[in-house]
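Taking it in order: structure first as structure tokens, then the write-up.
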Amino acid sequence: MSLWVCLRWPDASCAGQASLQLQHLALAMLRYSPKVACYRHDSVVLEVAASLALFGGIRALCRRIRHTAYKVLTPLNLGMAPSASGAWLLAGSPRPGCRRVVRQASLVRHLAGLPVHHLPEARPHQEWLDNIGCHSLGDLRQLPRPALQQRSSPLLLHSLDAAYAQAQETISWFLPPARLRPACDVDLPRLHANAILAATQPLLLALCGWLQGRQEALHDISLLIHHAKGRDSCPPTRVALRFSAATWRLEDFNRILKEQLQHVVLKRPAIRLELAAGVSHPRAPASETLFPDPGQHFQEEKRLLDLLSARLGIGSIRRPRPRAHHLPEQANNWAELTTAPVSVSVPASLGINPRPFWLLEEPRQLGIHLERPVHQGRPLRLVQGPERIETGWYEGIHHRRDYFVAEDPDGARYWVYRERETGDGWFLHGLFA
Amino acid sequence: MSLSAFLLRHPEQIHPALWRANQLARPPGATVPTGFASLDQALPGQGWPVGQLVEILIQRPGCGELQLFRPALARQLPERSIALVKPPHPPCIQAWAHWQLAPERLLWLQPTRTVDALWATEQILRHNSCAAVFCWAHPVHTTSLRRIQLLARQSESLCILLRPSSVMCQASMAVLRLAIEPCRQGIRLHILKRQGAAASSPINLELYAPQGGALPRHVPVGLPALA
Numbered sequence: 000m001s002l003w004v005c006l007r008w009p010d011a012s013c014a015g016q017a018s019l020q021l022q023h024l025a026l027a028m029l030r031y032s033p034k035v036a037c038y039r040h041d042s043v044v045l046e047v048a049a050s051l052a053l054f055g056g057i058r059a060l061c062r063r064i065r066h067t068a069y070k071v072l073t074p075l076n077l078g079m080a081p082s083a084s085g086a087w088l089l090a091g092s093p094r095p096g097c098r099r100v101v102r103q104a105s106l107v108r109h110l111a112g113l114p115v116h117h118l119p120e121a122r123p124h125q126e127w128l129d130n131i132g133c134h135s136l137g138d139l140r141q142l143p144r145p146a147l148q149q150r151s152s153p154l155l156l157h158s159l160d161a162a163y164a165q166a167q168e169t170i171s172w173f174l175p176p177a178r179l180r181p182a183c184d185v186d187l188p189r190l191h192a193n194a195i196l197a198a199t200q201p202l203l204l205a206l207c208g209w210l211q212g213r214q215e216a217l218h219d220i221s222l223l224i225h226h227a228k229g230r231d232s233c234p235p236t237r238v239a240l241r242f243s244a245a246t247w248r249l250e251d252f253n254r255i256l257k258e259q260l261q262h263v264v265l266k267r268p269a270i271r272l273e274l275a276a277g278v279s280h281p282r283a284p285a286s287e288t289l290f291p292d293p294g295q296h297f298q299e300e301k302r303l304l305d306l307l308s309a310r311l312g313i314g315s316i317r318r319p320r321p322r323a324h325h326l327p328e329q330a331n332n333w334a335e336l337t338t339a340p341v342s343v344s345v346p347a348s349l350g351i352n353p354r355p356f357w358l359l360e361e362p363r364q365l366g367i368h369l370e371r372p373v374h375q376g377r378p379l380r381l382v383q384g385p386e387r388i389e390t391g392w393y394e395g396i397h398h399r400r401d402y403f404v405a406e407d408p409d410g411a412r413y414w415v416y417r418e419r420e421t422g423d424g425w426f427l428h429g430l431f432a
Numbered sequence: 000m001s002l003s004a005f006l007l008r009h010p011e012q013i014h015p016a017l018w019r020a021n022q023l024a025r026p027p028g029a030t031v032p033t034g035f036a037s038l039d040q041a042l043p044g045q046g047w048p049v050g051q052l053v054e055i056l057i058q059r060p061g062c063g064e065l066q067l068f069r070p071a072l073a074r075q076l077p078e079r080s081i082a083l084v085k086p087p088h089p090p091c092i093q094a095w096a097h098w099q100l101a102p103e104r105l106l107w108l109q110p111t112r113t114v115d116a117l118w119a120t121e122q123i124l125r126h127n128s129c130a131a132v133f134c135w136a137h138p139v140h141t142t143s144l145r146r147i148q149l150l151a152r153q154s155e156s157l158c159i160l161l162r163p164s165s166v167m168c169q170a171s172m173a174v175l176r177l178a179i180e181p182c183r184q185g186i187r188l189h190i191l192k193r194q195g196a197a198a199s200s201p202i203n204l205e206l207y208a209p210q211g212g213a214l215p216r217h218v219p220v221g222l223p224a225l226a
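Going down the list, the sequences are from chains A and B. Just so we're aligned: the first sequence equals residues 0 to 432 in numbering that gives the first Met the number 0. Just so we're aligned: the second sequence equals residues 0 to 226 in numbering that gives the first Met the number 0.
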């Protein structure tokens, strides 16, 4: 048994202009069923019998479809019936309470009350049907079939049978395009990040449906915000979203976009939004293990790092990249976040001697009192050392340092060194945290 | 002894959330042993509470505040990261390796604003992907503290907030508050707040080998070879 959902424009007059929006709607519906079709120029139908279990039943599925459709377009009428044509007819029904049926018997009952002109194939014969007292689809179905076929067109009888789910209907399925660049015209005179985020939702939904239909995932997309043309026209603003793990979920796109939009400063009103998707790849299959996967942490961490870099900037997130160098400030190298995994290893020869956890960016010169280094007015006592580091002569800057672990009267420990190249100065280089 | 008298003496038999004022509570979540026997005995659950906000008050950076957590971090899952949010100075990778912890676990976040630091901490707790998060934000508003505490309870991370000791008199949502100060060979630790009886005397922890005799020698360990 098949079950169809139809999303139909409530007002037929404005239906023609929005074939692009209808395409977006069809793309967004691909997340609920692969069998989606644009139907009769003003609606989208989808076959949902196989999707009921996944989305938690008829009511839950209808609620989700209605919610998604509302984000893409203005409110649409939702009809449900065992046939596509029946769902389309019920979606156009003037009574909102009678638009969803599941069983054949209720379909017959609900269709019987509809005026005959709701069926487009009956409109050429409407005057004749009125004259013989046939006003509703129920009346039409009770007329003798051979006589009806003789006096009207065979198409009328076939479409009537298709609506009652008694004849096969030819549906040309909607195929997602090979390349997608969803765009929509907007009117956003106020440059507010939340307004742009809301206006982008139809495009993102279309993109997610497209990815779902093709079972693919993306690493990067960019949102182009076109500005009003005029004397002081400016190039479109580009908001780039990057994902370290390929994604296809709306939540992921929305989280990153929300943070990125906080940084965007728009100088002129936006008139058009456009999504440019990067190269999409086939999706990695989901893990089928019962117990939590250790890789789950990596996935969560990648999501976290994407989010953090969207708000803080990629330069604020650092990972260790130690260098094999004798000079501590050279060895303690931190690099910006990169997607490529880099193996981190500390040269064994440098890991033997104790190092302070806080290494000051610039060594601070210490005062001297009675030949002992003084930090913040308190003399330091050398408790460990020296560790001699001589390096840099091959780079032109000769460092000759004797490092000591020093302790102040409180007991806090410091890493200090004496510069032997330039004189007897004492420097504070680290704090033992 | 009758049953009611027994129950009054051991109220934890009635409900785990009940304890007498002179007892230590039994925390609902997991704990990680601190690695210091004297500190373990003073903490509810015999260790650092996982999934709870812990506040450490320090006079100034560099008084052994991270070495306090070194044994606990070594016991955490090795594949999960350890986030340092807005530390006061650049962390030293070699020191971390010297503590026999894997350097690739470190994640250093250096946001420019305190608001961003608190936001980053919240996101780390929300994603629950890090083994521990250390945050050096100051000043922290009470609502932010409350948010972090609520998010920490939903995560499985050690959540440590390091604040200056000047905020000691302010109220805090943290379930555990410690003030640490340096002392000879280690640190002195005051438990300001815990679930249980008020701690009377400070705890001295030895972090460095005592002086005199042979100089402390660290045994070279099998670290990864030069890349």
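The beta-carbon is built from N, C-alpha and C at its ideal position, and this holds for glycine as well. Since the model is a prediction, treat every value here as computed from it, not as a measurement.
Asked, Found
"On the premise that A196/B lies in contact with I190/B, defined as a C-beta separation below 8 Å, what is that separation, rounded to the nearest angstrom?", "The pair is not a contact, with the Cβ atoms about 10 Å apart (cut-off 8 Å)."
"If we ignore side chains and look at the alpha-carbon of each, how far apart do W127/A and R94/A end up?", "26 Å"
"Find the nearest neighbour of A73/B within the set H97/B, R183/B and H88/B, judged by alpha-carbon distance.", "H97/B"
"Let me see if you follow: with CB-CB separation under 8 Å, is S1/A close to chain B or not?", "no"
"Quick check: I81/B and L105/B, are their CB atoms within less than 8 Å of each other?", "yes"
"Less than 8 Å between the C-beta atoms of P181/B and G410/A, yes or no?", "yes"
"Are at least three pairs of beta-carbons, each pair with one atom in the segment 288 to 307 of chain A and one in the segment 84 to 99 of chain B, less than 8 Å apart?", "no"
"Tell me, which residues are paired with R230/A by DSSP?", "For R230/A, which the question treats as bridged, DSSP gives no partner whatsoever."
"Suppose you measure from the CA of L204/B to the CA of I186/B; what does that come to, to the nearest Å?", "5 Å"
"Run down chain A in chain order and give the residues with a C-beta less than 8 Å from the C-beta of S80/B.", "E300"
"By alpha-carbon positions, which one of T337/A, W414/A, R380/A and S221/A ends up nearest to E361/A?", "W414/A"
"On a Cα-Cα basis, can you pick out the residue from R241/A, Q295/A, P234/A and A276/A that is closest to K266/A?", "P234/A"
"Quick check: is the beta carbon of A244/A nearer than 8 Å to any beta carbon in chain B?", "no"
"Quick check: what's the CA-CA separation for L124/B versus R152/B?", "9 Å"
"By a C-beta neighbour count over all protein chains shown, 10 Å radius and 16 as the cutoff for buried, is I220/A buried or exposed?", "buried"
"Could you pull the start and end residues of the beta strand (DSSP E) that Q22/A belongs to?", "Premise fails: Q22/A lies in the alpha helix (DSSP H), S18 to M28, not in any beta strand (DSSP E)."
"May I ask you to list the residues that DSSP assigns as paired with Q383/A?", "V404/A"
"Which one of A173/B, H140/B and C129/B has the shortest CA to CA distance from G298/A?", "Reading the sequence as shown, one finds Gln at residue 298/A and not Gly. Of the listed residues, the one whose Cα sits closest to Q298/A is C129/B."
"Under a three-way DSSP split, which group does R419/A fall into?", "coil"
"Leaving aside the five residues before and after Q109/B along the sequence, list all residues of the same chain whose C-beta is less than 8 Å from its C-beta, in chain order.", "K85 and P86"
"Which ranges does the alpha helix (DSSP H) cover as unbroken runs of at least 4 residues, wholly within the segment 82 to 160 of chain A, from first to last along the chain?", "83 to 90, 103 to 111, 125 to 130, 136 to 141 and 144 to 150"
"Thinking C-beta only, is R237/A closer than 8 Å to D184/A?", "no"
"Residues in the segment 107 to 120 of chain B with C-beta within 8 Å of chain A's C-beta atoms, listed in sequence order?", "W107, L108, Q109, P110, T111, D115, W118 and A119"
"Could you work out which residues of chain A lie near L177/B, taking near to mean beta carbons separated by less than 9 Å?", "Ordered by position in chain A, no residue passes the 9 Å Cβ test against L177/B, which lies about 15 Å from the chain."
"At a Cβ threshold of 8 Å, is H137/B touching chain A?", "no"
"If the cut-off is 9 Å on Cβ atoms, which residues from the segment 177 to 199 of chain B count as contacting chain A, listed in chain order?", "E180, P181, C182, R183, Q184, G185, I186 and R187"
"Going by the DSSP bridge assignment, what does Y31/A pair with across the sheet?", "Its beta-bridge partners do not exist; DSSP assigns none."
"Look up Y163/A in the DSSP assignment and say whether it is helix, strand or coil.", "coil"
"May I have a chain-ordered list of the beta strand (DSSP E) segments no shorter than 3 residues that lie completely inside the segment 179 to 243 of chain A?", "182 to 187 and 215 to 226"
"Counting pairs of beta carbons, one from the segment 154 to 169 of chain A and one from the segment 73 to 89 of chain A, are three or more of them closer than 8 Å?", "yes"
"Taking CB distances under 8 Å as the criterion, tell me whether N331/A reaches chain B.", "yes"
"Out of curiosity, what's the CA-to-CA distance linking R180/A and L223/A?", "11 Å"
"Please name the residue in V114/B, R19/B, A24/B and R176/B whose C-alpha comes closest to that of P201/B.", "R176/B"
"If distances are taken between C-alpha atoms only, which option among G61/B, A36/B and S156/B comes closest to L427/A?", "G61/B"
"Would a check of beta-carbon distances place G391/A closer than 8 Å to chain B?", "no"
"Run through chain B and tell me which residues come within less than 8 Å of E360/A, C-beta to C-beta.", "H88 and P89"
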